[in-house]
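In the numbering used here, the protein residues as written are 1487 to 1834. The beta-carbon is built from N, C-alpha and C at its ideal position, and this holds for glycine as well. Keep in mind it's a predicted model, so treat the numbers as computed, not measured.
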């Protein structure tokens, strides 16, 4: 599957974007990764692997790892603190907190409730959603819908995972992939400069066996599972899912909006594996030089990869006012979700 690239980028799509019915815009961003760095050289001493083998197959050189007493809610809180330190926003009138994660340290209360409890936001509801590595995009989609419908005006979204807590460090096929991190965005009502343009998503539960982590049950689709609570992944099948589903989803978004691959200024896919990203870019016609990711330094941080890459773009000045941004998440479920967003710059 391939798509022709026509037209040019550099914000050339802005005049061709369809009129948005959205009333939601991202107004602030923050991020956090733990201090500890786990390098490929460190992994060489833990399992039968090598830096060359890891880089060749994944593009990953290092990842960040939580301290023993640091968990997903701690990552969320640190990302929100970063947001508040960088932008002059008030969260006292926050309506809702959504945390996208599948590694919350407690089944109940939610990580979102722990965030609310830490900051004491007086009016905010709180919920977690589990759409694994597509969770941040799903959360943006939900926030846009609720704000545009008039149900809320200000929603805090955090994509966070502490995958080191669920990684089997004797399994060389998975332990090389995963790291920890969090990214937070504030989504507010803005009738004049809404950001949301189009959404496409879906799921294939028949592929659940290819990427899972047990909690209460040790059976799935009639099969006995590895029941120690660590992530189990069939890398070959997940690769096949990603490199077919994501290009098809990108094509659907372009078809919805009448855009071409050349109209996308910045592409932010889930940073699962650099080889997946390269294949997706080749199949969609969105070049790697327009693709933001954090795979080399942070590895696969699940729901955090897209907000971490988004914040990288903000910090490095790679996102310009009016840019057409395409985010696409995919992961365990199997699930996928993509958003086209008209970017509006904020203070920093």
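Considering only 1831, 1832, 1821, 1830, the residue with the shortest C-alpha distance to residue 1622 is 1821. With a threshold of 16 other beta carbon atoms within 10 Å, residue 1767 meets it and is buried. Distance from the CA of residue 1531 to the CA of residue 1714, rounded to the nearest whole angstrom, comes to 23 Å. Residue 1670 and residue 1598 do not touch by the CB rule: their CB atoms are close to 11 Å apart, not below 8 Å. The beta carbon of residue 1633 lies closer than 7 Å to those of 1509, 1510, 1639, 1641, 1673, 1675 in the same chain, with the five residues before and after it left out. Residue 1830 sits in coil when the DSSP states are folded into three classes, being neither helix nor strand.
In the assembly as shown, residue 1578 is an exposed residue. Its beta-carbon has fewer than 16 other beta-carbons within 10 Å.
Taking the Cα positions, residue 1804 is about 43 Å away from residue 1711. Taken through DSSP and simplified to helix, strand or coil, residue 1550 comes out as strand. Residue pairing by DSSP places residue 1602 opposite no residue, since no beta bridge is assigned to it.
Taking one beta carbon from each stretch, the region 1798-1813 and the region 1596-1613 have fewer than 3 pairs nearer than 8 Å; the two do not touch. When C-beta atoms of the region 1755-1773 are compared with those of the region 1729-1744, three or more pairs fall below 8 Å, so the two segments count as touching. Using a C-beta cut-off of 8 Å, the region 1685-1699 makes no contact with the region 1745-1759, since fewer than three inter-stretch Cβ pairs fall below that distance. A distance below 8 Å separates the beta carbons of residue 1818 and residue 1698. With respect to residue 1582, residue 1620 sits apart: the two C-beta atoms are not nearer than 8 Å. Beta-bridge partners of residue 1786 (DSSP): 1664. As for any alpha helix (DSSP H) of minimum length 4 sitting wholly inside the region 1626-1700, there is none. Between residue 1788 and residue 1807, the gap from beta carbon to beta carbon reaches 8 Å or more. With a beta-carbon spacing of about 5 Å, residue 1648 and residue 1558 fall inside the 8 Å limit used to define contacts.
The beta-bridge partner set that DSSP reports for residue 1585 consists of 1614, 1644. According to DSSP, residue pairing for residue 1814 in a beta bridge involves 1755, 1824. Burial state of residue 1755 is buried, judged by a 10 Å Cβ sphere holding 16 or more other Cβ atoms. The beta carbon of residue 1832 lies closer than 7 Å to those of 1513, 1514, 1573 in the same chain, with the five residues before and after it left out. Per DSSP, the beta bridge partners of residue 1516 are 1670. In the three-state DSSP reduction, residue 1719 falls in the strand class (E or B). Under the criterion of beta carbons closer than 8 Å, residue 1588 and residue 1544 do not qualify as touching, at roughly 20 Å.
With a beta-carbon spacing of about 6 Å, residue 1664 and residue 1785 fall inside the 8 Å limit used to define contacts. Within the region 1722-1778, complete beta strand (DSSP E) segments of at least 3 residues are found at 1752-1755, given in chain order. In this structure, 1555 is the residue among 1555, 1529, 1533, 1542 with its C-alpha nearest to the C-alpha of residue 1520. For residue 1543, the uninterrupted alpha helix (DSSP H) run begins and ends at 1537-1544, by DSSP. With contacts defined as CB atoms closer than 8 Å, residue 1824 and residue 1724 fail to qualify as a contacting pair.
Nearest to residue 1707 by alpha-carbon distance, out of 1740, 1696, 1770, is 1696. According to DSSP, residue 1591 shares a beta bridge with no other residue.
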